[in-house]
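Undergrad:
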Amino acid sequence: MAEAIINTRYGDKFIAYSAGITPASQLNPYAIKSMKLMGIDISDKTPKSMEVFANQEFDFIITLCNKGKEQCINFIGKPIFAHWDLPDPADFEGEEKEIMQKFYELLKFLNTRISYFVNLSMEKLDRLALEMKTSEIGKAQCGV
0 MAEAIINTRY GDKFIAYSAG ITPASQLNPY AIKSMKLMGI DISDKTPKSM EVFANQEFDF
60 IITLCNKGKE QCINFIGKPI FAHWDLPDPA DFEGEEKEIM QKFYELLKFL NTRISYFVNL
120 SMEKLDRLAL EMKTSEIGKA QCGV
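Structural data, given as structure tokens:
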């Protein structure tokens, strides 16, 4: 979802890639539905493993749930790492209305964090300041 938000709304500044530790075989249907309500179609996307990106160089690596933070593989180069602790939507349970509400809250929170991130003054900040500011974005507690 983060990949689609960044590439759709901020693709002129960033290219995002999303991957998981143990990706599902297909996208969560609630993710597809909730993103469609935001005007973003992800129905043609497929989950990817982090292993796919192991030998690529990135400027930033941002993990979104604790599973990713704890098991993040090594990447080449010196990317800035940050962790934005968010619940894993695969764990959402309940009736459809409850699950959709949780997705809505998660996406609202994720959108806010992404907005803060893409609006950092990247060209004016040194590496240490970028690391600190990117990490600070993830410190607000998500109520989902």
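In numbering that gives the first Met the number 0, the protein residues as written are 0 to 143.
Cβ atoms here follow ideal geometry from the backbone N, Cα and C, with glycine treated the same way.
Classify T111 as helix, strand or coil using the three-state DSSP reduction.
TA: One-based indexing of the sequence shown puts residue 111 at position 112. Three-state result, T111: helix.
Undergrad: With which residues is A81 paired in a DSSP beta bridge?
TA: As a position in the sequence shown, residue 81 is number 82, starting the count at 1. A81 pairs with I61.
Undergrad: Kindly indicate the opening and closing residues of the alpha helix (DSSP H) around L127.
TA: Here residue 127 corresponds to residue number 128 of the sequence shown, with the count starting at 1. Here the alpha helix (DSSP H) through L127 covers R126 to I136.
Undergrad: So is L127 buried or exposed if we call it buried at 16+ other beta carbons inside 10 Å?
TA: Residue mapping note: residue 127 aligns to position 128 of the sequence shown, counting from 1. Per the 10 Å Cβ criterion, exposed.
Undergrad: Please name the residue, chosen from L124, N110 and D125, that lies closest to G137 on a Cα-to-Cα basis.
TA: Counting from 1 along the sequence shown, the entry for residue 137 is found at position 138. Looking at the Cα atoms, N110 is the closest of the given residues.
Undergrad: Considering Cα atoms alone, identify which of F116, P28, Q100 and L105 is closest to P86.
TA: Position 87 of the sequence shown, counted from the first residue, corresponds to residue 86. Cα-wise, what sits closest to P86 is L105.
Undergrad: Counting only the same chain and skipping the five closest in sequence on each side, list residues whose C-beta sits under 8 Å from that of L129.
TA: Residue numbering aside, residue 129 sits at position 130 when the sequence shown is read from its first letter. Here the set comprises I79, L119 and M121.
Undergrad: Going residue by residue through the stretch 34-60, where are the continuous alpha helix (DSSP H) segments of at least 4 residues, counting only ones entirely within it?
TA: Here no run is fully enclosed.
Undergrad: Closest to F59 by C-alpha separation, out of A15, P22 and A23, would be which residue?
TA: Taking the sequence shown and counting its residues from 1, one reaches residue 59 at position 60. Selected option, being the one with the closest Cα: A15.
Undergrad: Do you know whose CA, among S48, I75 and G93, lies nearest N54's CA?
TA: Position 55 of the sequence shown, counted from the start, is the residue given in the question as residue 54. When only C-alpha atoms are compared, the closest one is I75.
Undergrad: Just the Cα atoms here: how many angstroms apart are E94 and D125?
TA: Here residue 94 refers to the residue found at position 95 of the sequence shown. Here residue 125 refers to the residue found at position 126 of the sequence shown. Rounded to whole angstroms, E94 to D125 spans 47 Å at the Cα level.
Undergrad: Give the straight-line distance between the Cα atoms of T45 and M34, rounded to the nearest whole angstrom.
TA: The residue labelled residue 45 in the question sits at position 46 within the sequence shown. The residue labelled residue 34 in the question sits at position 35 within the sequence shown. T45 and M34: Cα-Cα distance of roughly 14 Å.
Undergrad: Identify whether I75 lies in helix, strand or coil by the three-state DSSP scheme.
TA: What you label residue 75 is simply residue 76 of the sequence shown in a count that begins at 1. Three-state DSSP puts I75 in a strand.
Undergrad: With A3 and I31 assumed to form a contact (beta carbons below 8 Å), what rounded beta-carbon distance in angstroms separates them?
TA: As a working mapping, residue 3 is identified with position 4 in the sequence shown. As a working mapping, residue 31 is identified with position 32 in the sequence shown. About 10 Å; that fails the 8 Å criterion.
Undergrad: Pull up the distance between the alpha-carbon of A18 and that of M0, whole angstroms please.
TA: As a working note, residue 18 is residue 19 in the sequence shown. As a working note, residue 0 is residue 1 in the sequence shown. Cα to Cα, A18 sits roughly 11 Å from M0.
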